[in-house]
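These notes are about the structure you will find just below.
Protein chains: 2
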Amino acid sequence: MVRPTIVDVAQAAGVSRATAARVLAGATNVDTAMAAAVEREARRLGYETNFAARVLRGGRAGAIGLVIAFDELGSLSGTFFTAVLKGAAKGLSAGEVQPVLLPADHEDLDRIPRFLRSGALDGAIVILQHEITHLVERLADSPVPIAWVGRPHADIGPDPIVIDSDNYGGGVLAARALIEAGRRSIGIITGPLDLEQARERTRGWTDELARHGLTPGPIVHGDFTLDSGTAAMARLLQRAPDLDGIFASSDLMAAGAIRVLQAAGRRVPTDVSVVGFDDVLIASTSDPPLTTVRQPLEEMGRAAADTLLATIRGLPTEKVQVLPTSIVRRESL
Amino acid sequence: MVRPTIVDVAQAAGVSRATAARVLAGATNVDTAMAAAVEREARRLGYETNFAARVLRGGRAGAIGLVIAFDELGSLSGTFFTAVLKGAAKGLSAGEVQPVLLPADHEDLDRIPRFLRSGALDGAIVILQHEITHLVERLADSPVPIAWVGRPHADIGPDPIVIDSDNYGGGVLAARALIEAGRRSIGIITGPLDLEQARERTRGWTDELARHGLTPGPIVHGDFTLDSGTAAMARLLQRAPDLDGIFASSDLMAAGAIRVLQAAGRRVPTDVSVVGFDDVLIASTSDPPLTTVRQPLEEMGRAAADTLLATIRGLPTEKVQVLPTSIVRRESL
DNA sequence: CTGAAAGCGCTTACAG
DNA sequence: CTGAAAGCGCTTACAG
Numbered sequence: 001m002v003r004p005t006i007v008d009v010a011q012a013a014g015v016s017r018a019t020a021a022r023v024l025a026g027a028t029n030v031d032t033a034m035a036a037a038v039e040r041e042a043r044r045l046g047y048e049t050n051f052a053a054r055v056l057r058g059g060r061a062g063a064i065g066l067v068i069a070f071d072e073l074g075s076l077s078g079t080f081f082t083a084v085l086k087g088a089a090k091g092l093s094a095g096e097v098q099p100v101l102l103p104a105d106h107e108d109l110d111r112i113p114r115f116l117r118s119g120a121l122d123g124a125i126v127i128l129q130h131e132i133t134h135l136v137e138r139l140a141d142s143p144v145p146i147a148w149v150g151r152p153h154a155d156i157g158p159d160p161i162v163i164d165s166d167n168y169g170g171g172v173l174a175a176r177a178l179i180e181a182g183r184r185s186i187g188i189i190t191g192p193l194d195l196e197q198a199r200e201r202t203r204g205w206t207d208e209l210a211r212h213g214l215t216p217g218p219i220v221h222g223d224f225t226l227d228s229g230t231a232a233m234a235r236l237l238q239r240a241p242d243l244d245g246i247f248a249s250s251d252l253m254a255a256g257a258i259r260v261l262q263a264a265g266r267r268v269p270t271d272v273s274v275v276g277f278d279d280v281l282i283a284s285t286s287d288p289p290l291t292t293v294r295q296p297l298e299e300m301g302r303a304a305a306d307t308l309l310a311t312i313r314g315l316p317t318e319k320v321q322v323l324p325t326s327i328v329r330r331e332s333l
Numbered sequence: 001m002v003r004p005t006i007v008d009v010a011q012a013a014g015v016s017r018a019t020a021a022r023v024l025a026g027a028t029n030v031d032t033a034m035a036a037a038v039e040r041e042a043r044r045l046g047y048e049t050n051f052a053a054r055v056l057r058g059g060r061a062g063a064i065g066l067v068i069a070f071d072e073l074g075s076l077s078g079t080f081f082t083a084v085l086k087g088a089a090k091g092l093s094a095g096e097v098q099p100v101l102l103p104a105d106h107e108d109l110d111r112i113p114r115f116l117r118s119g120a121l122d123g124a125i126v127i128l129q130h131e132i133t134h135l136v137e138r139l140a141d142s143p144v145p146i147a148w149v150g151r152p153h154a155d156i157g158p159d160p161i162v163i164d165s166d167n168y169g170g171g172v173l174a175a176r177a178l179i180e181a182g183r184r185s186i187g188i189i190t191g192p193l194d195l196e197q198a199r200e201r202t203r204g205w206t207d208e209l210a211r212h213g214l215t216p217g218p219i220v221h222g223d224f225t226l227d228s229g230t231a232a233m234a235r236l237l238q239r240a241p242d243l244d245g246i247f248a249s250s251d252l253m254a255a256g257a258i259r260v261l262q263a264a265g266r267r268v269p270t271d272v273s274v275v276g277f278d279d280v281l282i283a284s285t286s287d288p289p290l291t292t293v294r295q296p297l298e299e300m301g302r303a304a305a306d307t308l309l310a311t312i313r314g315l316p317t318e319k320v321q322v323l324p325t326s327i328v329r330r331e332s333l
C-alpha cells in the first residue's frame, strides 16, 4: 500500500517530474497531450500530493489551530463553544484549511505555544473562555497570526485580530428590557470578571440603569455555568428578597437562577423577570423559555476564520469586528 | 521571524547537525558537554523540530482525523457528539497526537478520503451518525487505520476497529424498566434505521417485551433530534391514544415526546412513562428529568483513541469493544 | 562517540 | 514549452 509519488505519475505519463508538477499545479502552458496523460495517470494511480513535502518546500501548512478549553467539551457550557466552532469550521473548510483542535489543559502550559512554533499550523483561533485566560500571554507572541474570539484583557501585541460581539450593548438591551417590563429592583449575576466580555455586559447594564435613574441592585458573580447560576441566585435572594428583575450574563446561569427562584416559590415572570445572555439551546428548552440577549456565535466563528485566512494570505481585511447583539423575547420577562 | 533549524542549533553549540539531532532525540551515547551545549542553545534559540521535515523523513504525522457530521456541530444533538469528542480528544492528547476535525459535508464526498491519502494523518476516528452513513463505504478502503464509534452497517473491510455500546442490552433495559413500572401498552420512537445502533435498540426492546408475553406497541421513526421526537409522538398518540409507556431511542426525542404528551394533557409519569437513551445534558434539565439508558460516551471516545493509537504503533489491542449501557433512574418513569 | 552524506517528495528558478 | 537540478529540514545508516 505504498503511496504513489509525483515521480510515479511522471514516469507513467512519460514526462519529467517537473512537467507533472506543473500540470498538477494547474499550469496552462503545457502541451495538451502531456497534460492529459499526466491527469489520466494521476487519477489512475490515485495520486495525492504528499502534504509534508509540500509544506517543507515552503507552502502553507493548510491547517489552523482552534484553541478551546478542554473541560468545556461535552459539558453544559459546551453549547457556547460548539456554536463558535461550527462557524469557524465552516469558514476554514470553505478555505480548504483543516481545523486542528488544541485543547488547553493545565498540565503543560507550553504545549500549545510550542506547537505553534513547529510550523504545523498557519495560524490559530482562540475562543476566549474563563479557563483559557492564563494562556493568553503565552500565546501573544506566537510566530503565526492569531484570531481572538472575545477581547483579551491582557496585552496581545500590535494590530491583533479580534472578533467580538457588542457585550456592552447587550448589557444595555438587557437592562432596558427589564425596565420596560416595569421592573425596578434589578440584580445581576455577572460572568467571571477576568473576561472582558463579562465586565462589558455588567457595565452596559449599570449604565442603562443609571440613565433611568435606577440604582443597580445587588451584584453577584458566577462563572457562566448552570451550577454557578444557582449558587449566585441563592445569594441574591438572601441579599435582596424583594428583587423583581435579574440579568444573568449567560443562559446557563439564567436557567440555574430560575430553578432557585421557582424552588423559593417565586413565579417567573409574574413575580420576577429574568433575562439571559447567549441564546443557546437551553434558552429555548428552559421552563419558561428565556428572554435573552443573542450573540451571533456562529457568525463570530465564521468571521474569525475568514479574517484569519485573509491575513495569512495577505489580503486586506478588517481586523477588529464587533458583531451586534439583539434581544430575543420569549417568556421569562 | 525566521525559525531556527537544527543546523542553527548545531552551529551555536559547535557540533555537527547529526550530534544535535541525536541529543534532541534523547540519545544517551553523546558526550555530556556536547549534549549540554546542544540543549542550552536549543532552548536559547527557541528551537522546535520542524514538523513537516520530520514527517517527510518518515515519521508519523502526529495527527488523527475526527470525522463528524458537520451539521451536528452546535445543534441540539451536538451533545452526543461532543461527549465522544471529549473522550477522543483526551485520549489523543495523552498520546501526543493532534485531533484534526474533518467535518463531513455533502458537497464534496471525496474530500475526506482524499485527505486520508495525503499523508497528513496517521488515522481517523469516525463517529457514526445518521448524516455520515453515505461516507462509510468511501472511507472503508482508507490507507490509514480507522476507528469506528458505532457499528457501520456496510462492509468496512477485515479486522476493523469498532467501539460501540451495548445498544441491544440498552433496549432490553428500557423495556424491562417500563414493564416493571407496570406499563403494558408500550410504544417506541426509533432512531434512523440506517444506523445499526438504532436497529439494535429496537431489537432489544422488542425481544424483552416478547419475553414478558407483551406485543410491541406502535413503532414510529425519528432521527434522534428533538423535533423528530415531537413529530413522532404526535403520530404515536394518533395511532394508540391509550399508550402508557414510551421508549424513545434518544434523550432529545424523549424530551420532544414529553412536551407533546403534556400539551395533550397527559401527565408524565403518572399517565405515561417515558424512557430515553444516551444520558446527555437534556436528560437532567428536562421537566420531568428523564429516566434513560446511559451510554458511556466519553469512555467510548477515549477507547477509540487508545485503540487506534495502539494499532498505529503496532501494539496489541482489543479491536472490537462493546461498552456496557446502564439505566439511570430519574422522574419520567 | 562523531560527522559527512543520503534521501524523504515536492516545487520552481534556471538553462535550453 | 520541457527537463535537470537545487533545496526545504530532518534523521539515520555508514564510515571513521
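Protein chains in written order, with UniProt numbering: chain Y, 1 to 333; chain X, 1 to 333.
For every residue, glycine included, the Cβ atom is placed at its ideal position computed from N, Cα and C.
Classification of residue i by the beta-carbon crowding that lies within 10 angstroms, buried from 16 upward
i              : result
A52(X)         : buried
G245(Y)        : buried
D278(Y)        : buried
Q197(X)        : buried
G150(X)        : buried
G157(Y)        : exposed
D155(X)        : exposed
V249(Y)        : Per the sequence shown, residue 249(Y) should be read as Ser rather than Val. S249(Y) should be labelled buried.
N167(X)        : buried
T32(Y)         : exposed
A231(X)        : buried
H212(X)        : exposed
L315(X)        : exposed
residue 335(X) : An answer regarding residue 335(X) cannot be provided, because it is not within the stretch 1 to 333 covered by chain X.
D271(Y)        : exposed
E318(Y)        : exposed
H134(Y)        : exposed
G276(Y)        : buried
Within-9 Å CB hit, residue i to chain Y
i       : result
A120(X) : yes
K319(X) : no
F277(X) : no
A263(X) : no
G123(X) : no
G95(X)  : no
I132(X) : no
R117(X) : yes
R267(X) : no
R114(X) : yes
T82(X)  : yes
A89(X)  : yes
Cutoff 9 Å: residue i Cβ touching any chain X Cβ
i       : result
I246(Y) : no
L315(Y) : no
W66(Y)  : The question names Trp, but residue 66(Y) in the sequence shown is Leu. For L66(Y), the answer is yes, since a Cβ of chain X falls inside 9 Å of its Cβ.
I282(Y) : yes
G62(Y)  : yes
A175(Y) : no
A255(Y) : yes
Identity of the residues DSSP links to residue i by a beta bridge
i       : result
I327(Y) : V293(Y)
G65(X)  : V100(X), A124(X)
E276(Y) : Checking the displayed sequence, the identity of residue 276(Y) turns out to be Gly instead of Glu. T292(Y), per the DSSP bridge assignment.
S165(X) : L323(X)
V149(X) : I127(X), I163(X)
### Message
Any C-beta of chain Y within less than 9 Å: which residues of the region 98 to 112 of chain X qualify?
### Response
Of all residues in the region 98 to 112 of chain X, Q98, P99, V100, L101, L102, P103, D105, R111 have a Cβ within less than 9 Å of some Cβ in chain Y.
### Task
Could you list the residues in the region 138 to 169 of chain Y with a C-beta less than 9 Å from some C-beta on chain X, going in chain order?
Those would be P143, in chain order.
### Task
Closer than 9 Å, Cβ to Cβ, to anything on chain X: give me those residues from the UniProt domain "HTH lacI-type" (4 to 58) of chain Y, in chain order.
Against chain X - using a Cβ distance shorter than 9 Å - the residues of the UniProt domain "HTH lacI-type" (4 to 58) of chain Y are G46, Y47, E48, T49, N50, F51, A52, A53, R54, V55, L56, R57.
### Query
Residues in the region 179 to 200 of chain Y with C-beta within 7 Å of chain X's C-beta atoms, listed in sequence order?
So nothing in the stretch comes that close.
### Query
What residues in the region 210 to 232 of chain X have a beta carbon less than 7 Å from any beta carbon of chain Y?
Residues of the region 210 to 232 of chain X with a C-beta less than 7 Å from any C-beta of chain Y: none at all.
### Message
Give me the subset of the region 286 to 311 of chain Y whose CB atoms are less than 7 Å from a CB atom of chain X, sorted by chain position.
### Response
The residues in question are D287, E298.
### Message
Which runs of the alpha helix (DSSP H) at least 4 residues long sit entirely within the region 174 to 251 of chain Y? Give them in chain order.
### Response
Residue ranges of uninterrupted alpha helix (DSSP H) with 4 or more members, entirely inside the region 174 to 251 of chain Y and ordered along the chain, are 196 to 211, 226 to 239.
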